[in-house]
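Read through the structure below, which is laid out as structure tokens, and then see the notes.
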Amino acid sequence: MNETVLEVKNLVKDFDSFQVLKSISFAIPRGKVVGLLGPNGAGKTTTINILLGITRETSGQIWYFGRNFFKNKQGCLQKMNFASSFNTLQGRISVWENLLVFSYLYSLKNPEKKIKELSTYFEITHLLPKRFWDLSSGEKTRVNLIKSLLNEPELLLMDEPTASLDPDIADKTLSLIENLRKNKNISILYTSHNMDDVTRICDEVIFLDKGKIVAHDTPLGLTKRITKTVLKLTFDGDKNALENFLKEQKQICSFPHPYTVLMNTKEKTIPKLIFGISNLGIWITDIEVEKPTLEDVFLRIARGEK
Amino acid sequence: MSISRMKAVLLQEFYITKRSLEVILDLFFFSVMTIVVFGFVSLFLTGRVSGAPAHYLILGLILWEIIRVNQYSISVGAMWNVWSRNLTNMFIAPLSIKEYFVAHMISGVAKTFLIFIIISLISLAFFDYNIFKLGPLNLFFFFCNLIIFSWTIGIALLGVIFRFGTRIQALAWGAIFIFQPLVASFFPVNVLPAVLQKIAFALPPTYVFEAARAALSNPIFNWKFMMISLGLNTVYFLLSLAFFNYMFRRSKETGQFAKLEG
Chain A
959 MNETVLEVKN LVKDFDSFQV LKSISFAIPR GKVVGLLGPN GAGKTTTINI LLGITRETSG
1019 QIWYFGRNFF KNKQGCLQKM NFASSFNTLQ GRISVWENLL VFSYLYSLKN PEKKIKELST
1079 YFEITHLLPK RFWDLSSGEK TRVNLIKSLL NEPELLLMDE PTASLDPDIA DKTLSLIENL
1139 RKNKNISILY TSHNMDDVTR ICDEVIFLDK GKIVAHDTPL GLTKRITKTV LKLTFDGDKN
1199 ALENFLKEQK QICSFPHPYT VLMNTKEKTI PKLIFGISNL GIWITDIEVE KPTLEDVFLR
1259 IARGEK
Chain B
391 MSISRMKAVL LQEFYITKRS LEVILDLFFF SVMTIVVFGF VSLFLTGRVS GAPAHYLILG
451 LILWEIIRVN QYSISVGAMW NVWSRNLTNM FIAPLSIKEY FVAHMISGVA KTFLIFIIIS
511 LISLAFFDYN IFKLGPLNLF FFFCNLIIFS WTIGIALLGV IFRFGTRIQA LAWGAIFIFQ
571 PLVASFFPVN VLPAVLQKIA FALPPTYVFE AARAALSNPI FNWKFMMISL GLNTVYFLLS
631 LAFFNYMFRR SKETGQFAKL EG
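Protein sequence lines correspond, in order, to chains A and B. First residue of the first sequence? That's 959 in the numbering used here, and the numbers climb one at a time after it. First residue of the second sequence? That's 391 in the numbering used here, and the numbers climb one at a time after it.
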């Protein structure tokens, strides 16, 4: 059964006369990782703040685990958590003390055991006695991740959780997210500007732009919306003959190097082009096909292109 | 309400107090130094002013510290989390504002009681003034009324800070002093001009200070004044909670709460 852990219906947020969210609706099924992407000012942070209950919506409904968030706020918050690389904990007290405070906020039965277990996984046991404000930004991010996992949430909201992490820990964090989804069936709403991360871990992606959902699909589905790929050929032969052939085929091309041609073409025409070029007696020495990525989709949306 | 969540807030308060020189200075050091200064002034006056008025200052100060310390504890207690950008984290956890306030109220009363005992013992040991002579009933009601008043002010100020942000954070520790002359903490109310006397009698602590001064010469329990004080406190406390709720809601509507930071 495809149970929904979060359902947002017609969410609207106005700040005075400015409408930041224009009736957005989406759902997160159990065990799925959903990316929330969009350019700056698209409304991602406002959405997350409303979902966390720290900003009040103008209208709309939020349902967590089938329960109305506004009527069962504490019950819902008990089963979810939030992690962000921009989030800070109480700076004056130690990491251990901070985590202990949050363990009690989530009414954990055996907080010491849980903190030790997560600290070991994230390799921060040596940081536990340190004051939070004495940590580096990467260390703070790891402590925040631990805080977000203390209550074994069923739903995790993550705002750029791997920003400021070194590649090794960032990879570990992504692996952890993958494991959480696989082993504990945890659901995640994930915002990031790192499109490789999003492509790697997200099952679905929601694109927000100017307060509206402009696309909602799988990462593959979104990239398929861009039908053109970049074809780069390195050749040995008559450049003019090649140029004329490509004009006949109505291909827009450029020659960044005397023996290299770049084309923006549809994927399905590539075999036909290569066959045609070979028939001209031109020797193709290298072929590179650059398929569109999620980043290309993001850039198109951010630039207002169709 | 969850005991575990209130324990979390109390635990955090304990850790912050333990590690913050500012808190120790603002609460303990400031209280002790003020009682020392006022104690010497009181000793000086004892030789020159006959009867109880010589002790008005030291009595007023010990009682005033109940208001100051408790209000500071409520308002500034929240500010430590605002300055660390941790306040919203606390409310992303299933902590309710009711649990948060109750925990801070408990913490405030504990700190205030400790400081009250310390400065009372100092005044007894070094300045020949024994506040305990006022009797347990008087002291209990004085303490309770002043505590409720300081909660009222602390909660209202927090509402203003949540709504408008840290640009007006100085109110957290400064605004309470507006009430120091208005509640006639160090002198009889009749010293004030007529208009200010009317304001004074609309404020619950005035009745405590008046009753305390009267009890210096005759330590009887003034039921009337204590009940008026309690009645006013109840009204103001409820108004303060309503005001806070309104400001908290507005802060969430405007997005200010999510942006609260030091």
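Beta carbons are placed, not taken as given, at the ideal position from N, Cα and C, and that holds for glycine.
- With contacts defined as CB atoms closer than 7 Å, LEU1252 (chain A) and VAL1101 (chain A) fail to qualify as a contacting pair.
- Remark: C-beta atoms of ASN460 (chain B) and SER540 (chain B) approach each other more closely than 7 Å.
- At a cut-off of 7 Å between beta carbons, GLU643 (chain B) contacts chain A.
- Following the DSSP letters along the chain, one finds TYR1148 (chain A) inside the beta strand (DSSP E) bounded by residues 1145-1149.
- A distance of 7 Å or more separates the beta carbons of ILE538 (chain B) and ILE566 (chain B).
- Contact between LEU524 (chain B) and PRO609 (chain B) holds, with the beta-carbon distance rounding to 5 Å and staying under 8 Å.
- For ILE1073 (chain A), the closest Cβ of chain B is not nearer than 7 Å.
- Closest by C-alpha distance to THR1149 (chain A), out of A:LEU1134, A:LEU994, A:SER975 and A:TYR1064, is A:LEU994.
- Flagged as an interface residue toward chain B: GLN1036 (chain A), by a C-beta distance shorter than 7 Å.
- A straight line joining the alpha-carbon of ASP1117 (chain A) with that of ILE982 (chain A) spans about 19 Å.
- Between the alpha carbons of LEU1107 (chain A) and PHE503 (chain B) lies a gap of roughly 38 Å.
- Between ILE1051 (chain A) and chain B, the shortest Cβ-Cβ separation is below 7 Å.
- Flagged as an interface residue toward chain B: ILE1012 (chain A), by a C-beta distance shorter than 7 Å.
- If you check the CB distance, ALA493 (chain B) and LEU1063 (chain A) do not come in under 7 Å.
- Around the beta carbon of HIS1084 (chain A), fewer than 16 other beta carbons sit within 10 angstroms, so the residue counts as exposed.
- Rounded to whole angstroms, the separation of the alpha carbons of ARG553 (chain B) and ASN635 (chain B) is 10 Å.
- Pairing ALA546 (chain B) with PHE633 (chain B) gives a Cβ-Cβ distance under 7 Å.
- Scanning its chain for C-beta atoms nearer than 8 Å, with the 5 sequence neighbours on each side dropped, one finds around GLY1234 (chain A) the residues PHE1203 and GLN1207, in chain order.
- The beta carbon of ILE589 (chain B) sits closer than 7 Å to the beta carbons of LEU572 from its chain, once the five residues preceding and following it are set aside; these are given in chain order.
- Ranked by how close their Cα comes to the Cα of SER575 (chain B), the residues B:LEU631, B:PRO443, B:LEU400 and B:LEU451 have B:LEU451 in first place.
- An exposed status is given to VAL1172 (chain A), since fewer than 16 other beta-carbon atoms sit within 10 Å of its beta-carbon.
- ARG1014 (chain A) and PHE647 (chain B) have their C-alpha atoms some 10 Å from each other.
- Approximately 12 Å separates the beta-carbon atoms of SER394 (chain B) and GLN1032 (chain A); this is outside 8 Å, ruling out the contact.
- Think of a sphere of 7 Å around the beta carbon of ILE558 (chain B): no beta carbon from chain A falls inside it, the nearest being about 20 Å out.
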